[in-house]
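Here's the structure, in structure tokens; my notes come after.
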Amino acid sequence: MNPNSPQSDTPGSKTPTPVKQGWNPMWVFLALLMVGAWLNLLHRDPAKTITYSEFKSRLRAGEVTEALVSVEEVRGRIDAKEPVEGVKDFFFRTERVEDPDLVKELEEKKVKYTGRHPSFFMELFWVWVFPLLLMWMLWSAFARRVGSAAQGVVGFGKSRAKMVADKDTGVKFGDVAGCDEAKYELQEVVDFLINSDRYRSLGARIPKGVLLVGPPGTGKTLLARAVAGEAKVPFFSLSGSDFVEMFVGVGAARVRDLFEQAMTHAPCIVFIDELDAIGRQRGFHPGMANDEREQTLNQLLVEMDGFQPNAGIILLAATNRPDVLDVALLRPGRFDRQVVLDAPDLDGREQILKIHSRGKPLGNNVDLHKIAQATPGFSGADLANAFNEAALLAARRNAKEISQLDLEEAVEKVVTGPERKSRRLGDDEKRRVAYHEVGHALVAAYSEHADPVHKVSIVPRGRAALGYTLQRPVADRFLISRAALLDHIKCFLGGRAAEEIIFGDVTTGAENDLERATILAQQMVCVYGMSESVGLVHVAKRENPFQPLGGIDGLNHRDFSEQTARRIDLEVRKLLDDSYAAAKELLVRRRDELEGVVAELLRRETLDADGFMALLKKGEEEEIKIHAH
Numbered sequence: 227m228n229p230n231s232p233q234s235d236t237p238g239s240k241t242p243t244p245v246k247q248g249w250n251p252m253w254v255f256l257a258l259l260m261v262g263a264w265l266n267l268l269h270r271d272p273a274k275t276i277t278y279s280e281f282k283s284r285l286r287a288g289e290v291t292e293a294l295v296s297v298e299e300v301r302g303r304i305d306a307k308e309p310v311e312g313v314k315d316f317f318f319r320t321e322r323v324e325d326p327d328l329v330k331e332l333e334e335k336k337v338k339y340t341g342r343h344p345s346f347f348m349e350l351f352w353v354w355v356f357p358l359l360l361m362w363m364l365w366s367a368f369a370r371r372v373g374s375a376a377q378g379v380v381g382f383g384k385s386r387a388k389m390v391a392d393k394d395t396g397v398k399f400g401d402v403a404g405c406d407e408a409k410y411e412l413q414e415v416v417d418f419l420i421n422s423d424r425y426r427s428l429g430a431r432i433p434k435g436v437l438l439v440g441p442p443g444t445g446k447t448l449l450a451r452a453v454a455g456e457a458k459v460p461f462f463s464l465s466g467s468d469f470v471e472m473f474v475g476v477g478a479a480r481v482r483d484l485f486e487q488a489m490t491h492a493p494c495i496v497f498i499d500e501l502d503a504i505g506r507q508r509g510f511h512p513g514m515a516n517d518e519r520e521q522t523l524n525q526l527l528v529e530m531d532g533f534q535p536n537a538g539i540i541l542l543a544a545t546n547r548p549d550v551l552d553v554a555l556l557r558p559g560r561f562d563r564q565v566v567l568d569a570p571d572l573d574g575r576e577q578i579l580k581i582h583s584r585g586k587p588l589g590n591n592v593d594l595h596k597i598a599q600a601t602p603g604f605s606g607a608d609l610a611n612a613f614n615e616a617a618l619l620a621a622r623r624n625a626k627e628i629s630q631l632d633l634e635e636a637v638e639k640v641v642t643g644p645e646r647k648s649r650r651l652g653d654d655e656k657r658r659v660a661y662h663e664v665g666h667a668l669v670a671a672y673s674e675h676a677d678p679v680h681k682v683s684i685v686p687r688g689r690a691a692l693g694y695t696l697q698r699p700v701a702d703r704f705l706i707s708r709a710a711l712l713d714h715i716k717c718f719l720g721g722r723a724a725e726e727i728i729f730g731d732v733t734t735g736a737e738n739d740l741e742r743a744t745i746l747a748q749q750m751v752c753v754y755g756m757s758e759s760v761g762l763v764h765v766a767k768r769e770n771p772f773q774p775l776g777g778i779d780g781l782n783h784r785d786f787s788e789q790t791a792r793r794i795d796l797e798v799r800k801l802l803d804d805s806y807a808a809a810k811e812l813l814v815r816r817r818d819e820l821e822g823v824v825a826e827l828l829r830r831e832t833l834d835a836d837g838f839m840a841l842l843k844k845g846e847e848e849e850i851k852i853h854a855h
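Structure representation (structure tokens):
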């Protein structure tokens, strides 16, 4: 017996008990009724029944033209001289009586006649065998349907795990990039399953569980598919939500059934996606749904490392919320390894782009390294989406190759949204938007720690952006200084500062800038300890370590006094006010360059990095000439 076969005859496997079907009197009555209807239909005859005496009289009158003589009846055709019920020509049948002179009379009247001897077997088949066979087929179909419905009720606690063969995934480790350390950890697990003797000779134990942790889109499920493609063992795949039902006890029953199936195919790998659906921390939370989840978690804990050893079963799980998982689930002996997948670095992004470029026609000018530089913070899913958008853009213009321009436009589309060609701005609004965006760009250009400006545009994009300024870092940065954070805040506020300088009034266009500047200032004070008045106290707790930048996670959980809260508010306000004043002072000094860049932007609507920097150099040269005179 092959242990890797989909089914096994081992004693531990459970075979569903077939549902027994009994004879119901109502069904017997219906069966007899259908047989009677069939017999009635079988014997229904379009021929007109007449008496034998009428047949003889019409024969003597020469009206019978054809006859079929059998032992029991006579059938034939009559061509009447006088219409009978408006019909002259009709078929007839009559019961046969003892008449030795019938054949002689038929010959005298020159009637075409023949004889027929009844077939016993044909009559038996059509009268009894065929209707009974039809009834048996209908009964069997009905019994199977009722049995499957009953089996669905009986199998309510069965596991919904899908067994995956290596050829079904289409993904190998070579198809995954940007997470070399995570790949190495999982390659070792696969190698342990394939070459287990080499590890056991050194006393090594196979890990019971491997937890893939990382933000959405970083390739956790893709890595699991690669493991399924590389391992030469059965692979079961399901989601954490597959265990959860409204009925208490169903989830625990499904966990038991899952591990019973896995034991029959050991060694094997079980992959549970979104583990946090059943693995959340236990506690007193009244409610039936929570009771069901905790029972499911308890059963999972027992199956992973309980009294019964589960040798040969490796549990592979993925989640982006490790902070909510139960402590007992994360301890060694259950999840022995935690593999962290983060957003890829520059080299990782370039490798991912190369993978997604396979089989796609690329132009000679495509530089994937530049695209990788332009996508800091992108996950693998973001890069795949950007490459697909580039292919769509190339197809839209009927090109045969994907160009560098398509890739750059796709990255902008992912970051800022599609162009809103239907949104038409008036001249006054367009002029104000131009000053706003050039304000951002100029502050970034003259701030030492700000990222270089890549593009300035007043073309509306996305849901709310009337214009945008793209800044792209030269290299990935994992540590940011206080001066760099202050320059970031100053760049956020440069647009509003430009509006106030030129128009003496402000608009609602700086809403997103103010939100991002405020968040960054709050993080400097509450998380990074970059405040003199608040000091080094860490007063905000990030609940989800993988949640993107969007606020101070945990500020609603007040672990500090009202006095500290007031200091936080004052310090955040001071950082914003100082940065805003610095941005205004810079733009007032560079007002001539501001006017010159705005005029060119209104003419062209979009300035790339080279065009923008050329305008700044031209302005600096003119300023030097003025000072020289």
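In terms of the numbering used here, the sequence shown opens at residue 227 and continues consecutively.
Positions of the beta carbon are idealized from the N, C-alpha and C atoms, including for glycine.
Just so it is clear, the structure is predicted and the values come from calculations on it, not from any experiment.
(message) Short of 7 Å in beta carbon distance, which residues of its chain neighbour E797, apart from the five on each side in sequence? Order them along the chain.
(response) In the sequence shown, residue 797 corresponds to position 571, counting from 1. Excluding residues within five positions, the ones whose Cβ falls inside 7 Å are V751, S757, S759, V760.
(request) Quick one: grab the DSSP three-state call for H714. (result) Here the question's residue 714 lines up with position 488 in the sequence shown. DSSP places H714 in helix when its eight states are reduced to three.
(message) Between the region 801-816 and the region 708-728, can you find at least three pairs of beta-carbon atoms closer than 8 Å?
(response) yes
(request) State yes or no: is the C-beta of I504 within less than 8 Å of the C-beta of L464? (result) Position 278 of the sequence shown, counted from the start, is the residue given in the question as residue 504. Position 238 of the sequence shown, counted from the start, is the residue given in the question as residue 464. For I504 and L464, no; Cβs fall outside 8 Å.
(request) Pair every Cβ in the region 586-597 with every Cβ in the region 554-565, then say whether three or more of these pairs are closer than 8 Å. (result) no
(request) Would you check if there are 3 or more beta carbon pairs closer than 8 Å linking the region 558-577 to the region 480-493? (result) no
(message) Between the alpha carbons of L692 and D531, how many angstroms are there, rounded?
(response) Locating residue 692 in the sequence shown gives position 466, counting from the first residue. Locating residue 531 in the sequence shown gives position 305, counting from the first residue. Going from the Cα of L692 to the Cα of D531 covers about 57 Å.
(request) Give the straight-line distance between the Cα atoms of R508 and Q413, rounded to the nearest whole angstrom. (result) By one-based count along the sequence shown, residue 508 stands at place 282. By one-based count along the sequence shown, residue 413 stands at place 187. R508 and Q413 have their C-alpha atoms spaced approximately 33 Å apart.
(message) Could you check whether V416 and A457 sit closer than 8 Å to each other, using their CB atoms as the reference points?
(response) Residue 457 sits at position 231 when you count from the first residue of the sequence shown. Residue 416 sits at position 190 when you count from the first residue of the sequence shown. In contact: A457 and V416 (Cβ atoms closer than 8 Å).
(request) Leaving aside the five residues before and after L437 along the sequence, list all residues of the same chain whose C-beta is less than 6 Å from its C-beta, in chain order. (result) Counting from 1 along the sequence shown, the entry for residue 437 is found at position 211. Excluding positions up to five away in sequence, the list reads A543, F561, Q564.
(message) Quick check on the burial criterion: 16 or more other C-beta atoms within 10 angstroms. Buried or exposed for K330?
(response) Position 104 of the sequence shown, counted from the start, is the residue given in the question as residue 330. It counts as exposed.
(message) By alpha-carbon positions, which one of R426, G735, Y339 ends up nearest to E655?
(response) Residue mapping note: residue 655 aligns to position 429 of the sequence shown, counting from 1. Cα-wise, what sits closest to E655 is G735.
(request) Identify whether S805 lies in helix, strand or coil by the three-state DSSP scheme. (result) Within the sequence shown, residue 805 is the residue found at index 579, counting from 1. Note: S805 maps to helix in three-state DSSP.
(request) State the CB to CB distance for the pair G455 and V397, rounded to an integer number of angstroms; the pair is presumed to be in contact (CB under 8 Å). (result) Here residue 455 refers to the residue found at position 229 of the sequence shown. Here residue 397 refers to the residue found at position 171 of the sequence shown. Confirmed, Cβ separation roughly 5 Å.
(request) Identify, in the order they occur along the chain, each residue of the same chain with its Cβ nearer than 6 Å to the Cβ of D836, setting aside the five sequence neighbours on each side. (result) As a first step, residue 836 must be located in the sequence shown, where it is residue number 610. Here the set comprises nothing.
(message) Spatial neighbours of G440 within its chain, please: C-beta separation below 7 Å, excluding the five flanking residues on both sides.
(response) Position 214 of the sequence shown, counted from the start, is the residue given in the question as residue 440. The residues are K446, N546, V566, L567, D568, F772.
(request) Mind reading off the beta-carbon distance from H675 to S707? Whole number of angstroms is fine, and I expect it under 8 Å. (result) The count along the sequence shown starts at 1 and reaches residue 675 at position 449. The count along the sequence shown starts at 1 and reaches residue 707 at position 481. The pair is a contact, with the Cβ atoms about 7 Å apart (cut-off 8 Å).
(message) Based on DSSP bridge pairs, tell me the residues matched to I498.
(response) Residue 498 sits at position 272 when you count from the first residue of the sequence shown. According to DSSP, I498 bridges with L464, A543.
(message) For a test of the three-state rule: what should DSSP assign to P644, helix, strand or coil?
(response) Locating residue 644 in the sequence shown gives position 418, counting from the first residue. Coil, per DSSP.
(request) Rank G755, G721, L827 by C-alpha distance to the C-alpha of E811 and give the top, closest one. (result) In the sequence shown, counting from the first residue as 1, residue 811 sits at position 585. Ranked by Cα distance from E811, the options G755, G721, L827 are led by G721.
(request) Within the same chain, show all residues whose beta-carbon is closer than 6 Å to that of E576, passing over the 5 residues directly before and after it, in chain order. (result) One-based indexing of the sequence shown puts residue 576 at position 350. Closer than 6 Å at Cβ, skipping near neighbours: L594, H595, A598.
(message) For M363, count the other beta carbons within 10 Å of its own beta carbon; 16 or more makes it buried, fewer makes it exposed. Which is it?
(response) Stepping through the sequence shown from its first residue, residue 363 is reached at position 137. Answer is exposed; the Cβ neighbour count stays below 16.
(message) Tell me the residue span of the beta strand (DSSP E) that contains D315.
(response) The residue given as residue 315 occupies position 89 in the sequence shown. D315 -> beta strand (DSSP E) spans 313-321.
(request) Within the region 536-594, note down every full beta strand (DSSP E) run reaching 3 residues or more, in order along the chain. (result) 539-545, 563-566
(request) Determine the burial state of K580: buried for a count of at least 16 other Cβ atoms within 10 Å of its Cβ, exposed for fewer. (result) On the sequence shown, position 354 is the one that residue 580 refers to. It is exposed - the Cβ of K580 has fewer than 16 other Cβ atoms within 10 Å.
(request) Check the C-beta distance from V824 over to A660 and give it rounded, since I have them as a contact under 8 Å. (result) Here residue 824 corresponds to residue number 598 of the sequence shown, with the count starting at 1. Here residue 660 corresponds to residue number 434 of the sequence shown, with the count starting at 1. Yes, they are in contact, since the Cβ atoms of V824 and A660 sit about 5 Å apart, within 8 Å.
(message) Between which two residues does the alpha helix (DSSP H) holding A616 run?
(response) Within the sequence shown, the letter at position 390 stands for residue 616. 606-622 is the span of the alpha helix (DSSP H), which, as asked, contains A616.
(message) Quick check on DSSP: helix, strand or coil for H764?
(response) To locate residue 764, count along the sequence shown from 1; it is residue 538. The answer is coil: DSSP assigns H764 none of H, G, I, E or B.
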